[in-house]
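My numbering puts the last residue of the sequence shown at 285; the count rises by one with no breaks.
All C-beta atoms, glycine included, are put in the ideal place defined by N, C-alpha and C.
Just so we're clear, the structure is a prediction, and the values are computed from it rather than from any experiment.
Presented below is the structure to which this report refers.
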Amino acid sequence: MKRYYEVEKIEEYAGRFKDEAKRPGFFGGLCSRFVVLWTLTARIPLPKKWWPEIAPPAADALAMMPLAGGILGFLSTLPAWLLAFAVPPAACAWIACGIYTIAGWSLHLDGWGDLWDGVGSGRRGEEMRAVMKDSRSGSFGVAGIVLAIGVRAALLSVIDMEQWLAVCVVAGGVGRFASAAAACVGVYPWEAGLGKDFVTGFKGYQLFCAFLASCLLFPFAPLGWLIGVPLTCLAGVALALWANRALDGTNGDILGAAAVLGEILVLIACAV
């Protein structure tokens with residue numbers, strides 16, 4: 014009965030998406046969602062004239078995370094990939110991570126570091142949230158960020174250089190699918206916060222749209238995509254469920270941490 018219900022919901026989402034696709038301005042609406050999300054999560058500027066007069070709901074924009082992550086992964090890896098013809102791959106892997114961090118991964122690393130500080134504090138509930146909201150990074154947060162960058166560079170260095178661009182597209186995009194999964198099952202009990210609009214409005218249909226966006230990345234690294242999608246979905250759900258209990262809810266830091274965790278998992282799948 015449960016499986017029948019799930020199939021029925023997917024059919025409902027597919028029908029809803031098909032109906033929206035028939036409406037005038039559908040493509041423009043998708044572009045608006047992408048522009049809003051890209052502006053919030055990347056540091057590569059877009060022309061101001063591209064910004065929509067009426068911003069779409071934040072939850073709808075979040076569904077574009079896989080596409081934005083894939084493009085960011087490609088753009089930030091391309092310079093290091095070109096350098097690899099003259100510079101040792103290990104050094105280029107670190108250069109790629111540096112460019113990637115500056116280009117936008119730093120936003121997710123901030124949430125990842127805050128999560129490490131929160132867990133390292135040994136507190137729970139509102140006390141843990143207070144630690145995570147502190148703009149100062151503690152020793153646990155710094156260690157977590159260094160570890161994430163180091164693991165990403167190490168994994169990239171053992172992957173064949175010819176596959177770097179394709180792998181980083183899939184890792185950057187599918188990895189961020191974990192954020193969508195976390196937002197879907199997460200709860201946001203607080204009155205205000207950066208993640209409120211993303212979490213409270215993100216439901217099953219938005220997750221379905223995020224999955225469709227991730228499907229665009231499949232041709233780049235099919236095996237990594239096939240392993241990465243269910244893996245990042247499980248990781249995002251597990252992290253959000255843990256946060257709902259330990260933190261009393263899922264905030265923006267958890268969404269950022271989910272993206273970092275998801276990307277590392279996809280890179281591991283591509284490296285083995």
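Closer than 7 angstroms by C-beta to residue i: which residues in its own chain qualify, once you throw out the five before and the five after it? Chain order, please.
i: leucine 207; result: Gly265
Between the alpha carbons of residue i and residue j, how many angstroms are there, rounded?
i: leucine 280; j: leucine 169; result: 7 angstroms
i: methionine 14; j: lysine 22; result: Because the pLDDT at methionine 14 is just 49, under 50, the model does not fix this residue reliably, and the point stays unresolved.
i: alanine 156; j: phenylalanine 39; result: 44 angstroms
i: glutamate 175; j: isoleucine 240; result: 20 angstroms
i: glycine 3; j: isoleucine 158; result: Any property of residue 3 remains undetermined from this structure, which presents the chain solely from 14 to 285.
i: proline 58; j: tryptophan 64; result: 11 angstroms
i: alanine 103; j: alanine 93; result: 10 angstroms
i: lysine 287; j: tryptophan 125; result: Coverage of the chain is limited to positions 14 through 285, which leaves residue 287 absent and any answer about it impossible.
Closest to residue i by CA distance: which of the options is it?
i: alanine 194; options: Phe221, Ala205, Tyr201, Ile172; result: Phe221
i: tyrosine 218; options: Ser134, Val198, Gly249; result: Val198
i: arginine 149; options: Pro101, Ile162, Asp127; result: Asp127
i: leucine 96; options: Leu85, Leu160, Ile108; result: Ile108
i: leucine 160; options: Ile277, Pro60, Phe87, Ile67; result: Ile277
i: tyrosine 26; options: Thr263, Arg258, Gly138, Lys216; result: Lys216
i: tryptophan 129; options: Gly154, Gly138, Arg137; result: Gly154
i: alanine 68; options: Gly185, Ile267, Leu43; result: Leu43
i: alanine 167; options: Leu268, Val20, Cys110, Lys61; result: Cys110
i: threonine 54; options: Ala34, Leu178, Phe211; result: Phe211
i: glycine 249; options: Leu268, Ala259, Lys31, Arg258; result: Leu268
i: glycine 86; options: Gly186, Thr52, Pro101, Arg136; result: Gly186
Leaving out the 5 sequence neighbours to the left and right, which residues in its chain are closer than 6 angstroms to residue i when beta-carbon positions are compared?
i: aspartate 73; result: Arg46
i: valine 180; result: Ile172, Ala234, Cys283
i: serine 89; result: Ile112, Tyr113, Ala116
Can you find the residues in the same chain that come closer than 8 angstroms, C-beta to C-beta, to residue i, ignoring five residues on each side of it along the sequence?
i: arginine 29; result: Tyr218
Check the C-beta distance from residue i over to residue j and give it rounded, since I have them as a contact under 8 angstroms.
i: serine 134; j: valine 144; result: 4 angstroms
i: proline 70; j: glycine 214; result: 6 angstroms
Would you call the region 67-79 in contact with the region 224-236, where contact means no fewer than 3 C-beta pairs closer than 8 angstroms?
yes
Stretch pair the region 252-268 + the region 98-115: three plus CB contacts closer than 8 angstroms
no
Is the region 236-247 touching the region 184-191 in the sense that three or more CB pairs, one from each, lie closer than 8 angstroms?
yes
Is there contact between the region 271-280 and the region 118-126, where contact requires at least three CB pairs shorter than 8 angstroms?
yes
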